[in-house]
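Protein chains: 2
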Amino acid sequence: MTDQIRAISSPKELRARIREGRFTGPTAGHGGEALQANLVMLRGEDAQEFLRFCQANPRPCPLLAVGEPGDPSLPSLGDIDLRHDVPRYRVWRDGELVGEPTDIADLWTDDMVSFALGCSFSFEDALTRAGIPVRHQDAGRNVPMYRTNLATRPAGRFSGPLVVSLRAMPAADAIEAISICERFPLAHGAPVHIGDPAQIGIEDIHTPDYGDAPDIRPGDIPVFWACGVTPQAAITTAKPALAITHAPGHMLVTDIPSSHAERRLTGVHPA
Amino acid sequence: MTDQIRAISSPKELRARIREGRFTGPTAGHGGEALQANLVMLRGEDAQEFLRFCQANPRPCPLLAVGEPGDPSLPSLGDIDLRHDVPRYRVWRDGELVGEPTDIADLWTDDMVSFALGCSFSFEDALTRAGIPVRHQDAGRNVPMYRTNLATRPAGRFSGPLVVSLRAMPAADAIEAISICERFPLAHGAPVHIGDPAQIGIEDIHTPDYGDAPDIRPGDIPVFWACGVTPQAAITTAKPALAITHAPGHMLVTDIPSSHAERRLTGVHPA
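Those protein sequence lines, which keep their order, are chains G and C. At position 188 of the first sequence (counting the first as 1) the number is 188 in UniProt numbering, and the numbers step up by one without a gap. At position 233 of the second sequence (counting the first as 1) the number is 233 in UniProt numbering, and the numbers step up by one without a gap.
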């Protein structure tokens, strides 16, 4: 029996329930103020190329932590076992999505390397605290996401379009949002575009490539952030024999406070 | 004989020439990296009300320094004599512009208070260093300025519309410009509006209320900053018996490095 309705504020308790298979839903609203992360796991040479891809593309792929080969823990982010601690995974073979299991212990190998990447939840919390509307949250929808005509910097076989998320808001809020998000380099940082969607290759803003349709009010200006779905687009391009990611919205919940995304985490360890 | 063609990089030398009446032109491009300031001088009760107006409206009126009543020096900004050290002044009586002298020693009174306010030159230098186009500078024109439907916070008789300056640029540059200018609270700080001019009451962006027509390129987004002309608009509303300001573009050149506008100047004195 799962118990996904009531908010679970302790990240340790939440991960324990996930590990036991009692929590398999989206993690938004759970884990209190804990930092949540996008997750990518790759083997051998694929992992080396992807690490270079992240370092070349820090806006869409802000690296929070990289695991040691074959080690499913990420001690700098908490008492984590990546074989069990994400509520739902995605398994990709040769760039094709082949399954969405709730545990990947049977797929773990001794050359697998994990990558935890910052996520927009951190800056959305900061926007909400500043009184800036986050319309998809207010509407209980997923954030709208779009493939753009902006290219990532290739590394090995990893390349592809930058995927962006949209948050529409009044212009004065957009200016404040830019100032706030500049302080969150580990949560995609400042936006990558503002205003005319066509300038970055988005033909119909009302039809996103991922997520739900946007709620755009009169007087709103569209603001676009680099998005953590970008690595999944790069996986479909690179076609590694095996890749494992989190399923959208089903994030890795860490023990790090969300506010830590405001600066580089180097040397920061949870209490 | 004036000698305004060659750039004078030393602020002390520039002020000496201004004091001697040998330099009466605009100060842009002169004084090296020295901070330039808007200047307002008022008497008695008018000065007290204007000080409250500045404190209530820090975006258009960022206070660098306030003089002691009757004292024409501003020691925190340099070896300055405000009766002579601005290349051209404006004299306002009952809110009407009545003259543009190059010296105001004969108008100085023992209850006159001076206000030095931050100026956009500081952040324009920072934008240029970041490779962001400042189109009116490139075209050798004045920045376009507009009265808006945004109201300042009144203080005593001082009130009126916020005046904004426009810099149009590509969206990615606009995002970076917002991040940069956020760091310059003493140079009007972050923009106050971006995108649709009609939202802040600007009907025709090609016909500014002050300055020259804008150079807007395809793909540019308009970005609007609070402007140091706002206090002059407030003077025409308040109609003080006597007010003295700098003439547009003919700024007070200080001994403070321009970079000091990046933080509050409290306690900072020139060497």
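We treat Cβ as the ideally placed atom computed from N, Cα and C, and that holds for glycine.
Nearest to residue i (by Cα), restricted to the options the options
| i | options | result |
| --- | --- | --- |
| G138 (chain G) | G:Y146, G:L127, G:R147, G:T148 | One detail in the question is off: residue 138 (chain G) reads as Asp in this sequence, not Gly. When only C-alpha atoms are compared, the closest one is G:L127. |
| D248 (chain C) | C:L242, C:G195, C:P144 | It is worth fixing the name first, because residue 248 (chain C) is Pro in this sequence and not Asp. Per the Cα distances, C:P144. |
| G201 (chain C) | C:E182, C:L51, C:V164, C:P72 | C:V164 |
| A116 (chain C) | C:D79, C:L39, C:A198, C:H206 | C:L39 |
| F53 (chain G) | G:R90, G:L162, G:L107 | G:L162 |
| H136 (chain C) | C:S120, C:E203, C:A243 | C:S120 |
| G31 (chain C) | C:C181, C:L14, C:G140 | C:L14 |
| T230 (chain C) | C:G70, C:I178, C:T245 | C:T245 |
| residue 353 (chain C) | C:G140, C:F158, C:I178 | With chain C covering 1 to 271 only, the question about residue 353 (chain C) has no answer from this structure. |
| F23 (chain C) | C:P257, C:V253, C:E262 | C:V253 |
| A77 (chain G) | G:V134, G:E20, G:P11, G:H84 | This sequence places Leu at residue 77 (chain G); Ala is not what is there. Ranking the options by Cα distance to L77 (chain G), first place goes to G:P11. |
| Y146 (chain G) | G:P62, G:R88, G:Q199 | G:Q199 |
| I256 (chain C) | C:A65, C:P222, C:P69 | C:A65 |
| E96 (chain C) | C:S258, C:L242, C:H260, C:D103 | C:L242 |
| P148 (chain G) | G:E20, G:A226, G:E33 | Inspection of the sequence shows that residue 148 (chain G) is occupied by Thr rather than by Pro. Residue G:A226 is the option with its Cα nearest to T148 (chain G). |
| A168 (chain G) | G:A151, G:S73, G:H193 | G:H193 |
| H84 (chain C) | C:A16, C:C181, C:F184, C:T236 | C:A16 |
Residue i: first and last residue of the uninterrupted alpha helix (DSSP H) it sits in
| i | result |
| --- | --- |
| A172 (chain G) | 171-181 |
| R17 (chain C) | 11-19 |
| T236 (chain C) | 230-238 |
is_contact[residue i, chain G] using C-beta, thresh 8 Å
| i | result |
| --- | --- |
| G219 (chain C) | yes |
| D81 (chain C) | no |
Segment limits, beta strand (DSSP E) that includes residue i
| i | result |
| --- | --- |
| L242 (chain C) | Element bounds for L242 (chain C): n/a, residue is neither H nor E. |
| R52 (chain C) | It is not in any beta strand (DSSP E) - R52 (chain C) instead sits in the alpha helix (DSSP H) that spans 44-56. |
| L64 (chain C) | 63-66 |
| V192 (chain G) | Premise fails: V192 (chain G) is in no beta strand (DSSP E) and is neither H nor E. |
| L252 (chain G) | 252-257 |
| F158 (chain C) | No beta strand (DSSP E) contains F158 (chain C), which DSSP labels as neither H nor E. |
| I216 (chain G) | That residue, I216 (chain G), is in no beta strand (DSSP E); it is neither H nor E in DSSP. |
Interface flag, residue i vs chain C, CB-CB below 8 Å
| i | result |
| --- | --- |
| Q199 (chain G) | yes |
| H260 (chain G) | no |
| T2 (chain G) | Below a pLDDT of 50, predicted positions are generally treated as unreliable, and T2 (chain G), at 48, falls in that range; no measurement from the model is reported. |
Closer than 7 Å: residue i CB and nearest the ligand FAD heavy atom
| i | result |
| --- | --- |
| A65 (chain G) | The ligand FAD is not among the ligands present in this structure, which contains no ligands whatsoever. |
Contiguous alpha helix (DSSP H) assignments of at least 4 residues, all confined to the region 75-147 of chain G:
121-129, 135-138
The region 162-195 of chain G: which residues have C-beta closer than 8 Å to a C-beta of chain C, in chain order?
A171, A172, A174, I175, E176, I178, S179, E182, A190, P191, V192, H193, I194, G195
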